[in-house]
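Enquirer: Residue numbers (the working numbering): 104 to 465. There's a structure below that I have some questions on.
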């Protein structure tokens, strides 16, 4: 589906991230528009749950300014948060999914707010609300779940929506079938997910709790140092150190990766070292995922906001380009993924699954 094709549907698209709320609209004539709402430091300093009302109000304001009436929409489609482990696909939001969007067992991520805001936006029209490939899509094999301590399993949490979409996009571009391909996808942004794709499934990944530092997340830390942090600080403060105030921000006071690159280019020795460490740590994560696909990649895919940086693109090509093609899709393709899947669901061309069991109702 392209933006110029008539869709017959009016669809609101929501993708909430840690620092911004993205809203889009697909009209019946195929016209698509989107807008990124950047939030101020005061709102972002609040617990994620307390940001819902202001983020929802900002979305409603944009829809009103754009002439879109929530009472005349056919569907709302959202990215979704850290809900229960589910298979890849499209889910219709039900009471259990709403309840689980308020469950913070796997940490608090703004993606869950898009579901809650979407449910509110859908009320005037009574239209369905869909979630596509949420953060908790789980296609792990049993061996990938083992952690090293009984009672704790590795969890499949990451940038699933974009990673799955660009993997399929790259396979199409390269003329290979995603369902039979072996690929490594590196989504690098404010967070990070480096995933191994084999035969159409994301069978393992390293996210920003196990891998490299990111602009705002600490990545993998020495275990005993985390224990010591918990002894010295309130647990909520420790959570914020790991996610939100970690990574480059903890060293340099900025979450802007481009600013780090500029500092390094200007001769700042700490920025140079951190940039080198960032690339080095991501290389290790990619190498680990190569082992998962038997060191036989058909392609590497680099995506996410940091893929805009020439330094990162050149490094990726230099380190891995001799093994397989390196395909680069800078930025995120969440809106394309949401738009396409919602349209297919409304057309009845792609199954809508029931949460949380993933079955397709008769």
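C-beta atoms are modelled at their ideal positions from N, C-alpha and C, and glycine is treated no differently.
Just tell me which of 307, 346, 463 has its CA closest to the CA of residue 452.
Expert: Nearest option by C-alpha distance: 463.
Enquirer: Apart from the five residues on each side of it in sequence, which residues of its chain come closer than 6 Å, Cβ to Cβ, to residue 419?
Expert: Cβ within range, chain order: 405, 429.
Enquirer: Could you please give the first and the last residue of the uninterrupted alpha helix (DSSP H) stretch that includes residue 298?
Expert: Run containing residue 298: none in the alpha helix (DSSP H); it sits in the beta strand (DSSP E), 295-301.
Enquirer: Looking at the strands, I want to know which residues DSSP matches up with residue 395.
Expert: BP columns for residue 395 are empty, so no partner.
Enquirer: In the DSSP assignment, the beta strand (DSSP E) including residue 138 goes from what residue to what residue?
Expert: Unbroken beta strand (DSSP E) run through residue 138: 135-141.
Enquirer: If I'm right that residue 196 touches residue 235 with Cβ under 8 Å, what's the distance once you round it to whole angstroms?
Expert: About 11 Å separates the two Cβ atoms, so there is no contact after all.
Enquirer: Check this for me: beta carbons of residue 187 and residue 459, under 7 Å apart or not?
Expert: Yes; because the gap between Cβ atoms is below 7 Å, this pair is in contact.
Enquirer: Which residues mark the beginning and the end of the alpha helix (DSSP H) in which residue 329 is found?
Expert: Note, residue 329: alpha helix (DSSP H), 326-335.
Enquirer: When you compare only the Cα positions, how much space is there between residue 112 and residue 352?
Expert: Approximately 42 Å, taken between the alpha carbons.
Enquirer: Quick check on DSSP: helix, strand or coil for residue 406?
Expert: Reduced to three states, the DSSP call for residue 406 is strand.
Enquirer: Which complete beta strand (DSSP E) runs does the region 126-180 hold, if anything under 3 residues is left out?
Expert: The qualifying runs are 135-141.
Enquirer: Taking all protein chains shown into account, do 16 or more other C-beta atoms lie within 10 angstroms of the C-beta of residue 107, making it buried, or fewer, making it exposed?
Expert: Its pLDDT being 49, under 50, residue 107 is placed unreliably in this model, and the value from its coordinates should be taken loosely. Looking at its Cβ environment, which holds fewer than 16 other Cβ atoms inside 10 Å, residue 107 is exposed.
Enquirer: Quick one: grab the DSSP three-state call for residue 118.
Expert: In the structure shown, residue 118 sits in a strand (DSSP, three-state: E or B).
Enquirer: In terms of residue numbering, what span does the alpha helix (DSSP H) encompassing residue 354 cover?
Expert: Segment 350-355, the alpha helix (DSSP H) holding residue 354.
Enquirer: Please state whether DSSP places residue 307 in a helix, a strand or coil.
Expert: Here residue 307 sits in strand by DSSP.
Enquirer: Ignore the nearest five residues each way along the sequence and tell me which others in residue 274's own chain have a CB closer than 6 Å to its CB.
Expert: Closer than 6 Å at Cβ, skipping near neighbours: 281, 284.
Enquirer: Between residue 358 and the rest of its own chain, which residues show a CB-CB distance below 6 Å, the 5 nearest in sequence each way excluded?
Expert: Excluding positions up to five away in sequence, the list reads 318, 319, 352.
Enquirer: In this structure, what does DSSP give as the bridge partners for residue 223?
Expert: In the DSSP output, where bridge partners are listed per residue, residue 223 has none listed.
Enquirer: Relative to the C-alpha of residue 241, which candidate in 263, 366, 297 has its C-alpha closest?
Expert: Among 263, 366, 297, the Cα nearest to that of residue 241 is on 263.
Enquirer: Relative to the C-alpha of residue 194, which residue among 121, 181, 339 is closest?
Expert: Considering only alpha carbons, the answer is 181.
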